[in-house]
Amino acid sequence: MPTFLDKLTAKWNEGKFVCIGLDNSDFEFNRNIIDQTFDLVATYKPNSAFYEEKGAQGYYSIY
């Protein structure tokens, strides 16, 4: 099974170096961003502060 670093290296080899921050805890909003950019970027990074402000439910929604 490929590790995260293996997957990231594969994206770099495709010329994809951008990481998009997901700064909103709304699932549909983030899903739309991912759907529109998945073929353009290397990875995504949820900003935990936006999820943690929703309490336990927001925290666990990251996973």
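The opening position of the sequence shown corresponds to residue 1 in UniProt numbering, with each subsequent residue numbered one higher.
Backbone N, C-alpha and C define an ideal beta-carbon position, used for all residues, glycine too.
Between the alpha carbons of G55 and L22 lies a distance of about 17 Å. Look at T3 here: in three-state DSSP terms it is coil, with no helix or strand label.
With fewer than 16 other CB atoms across the displayed protein chains lying within 10 angstroms of its CB, Y60 is exposed. The C-beta distance from K16 to A42 rounds to 4 Å, short enough to fall under 8 Å. Taking the CA atoms as reference points, N47 sits about 20 Å from L40.
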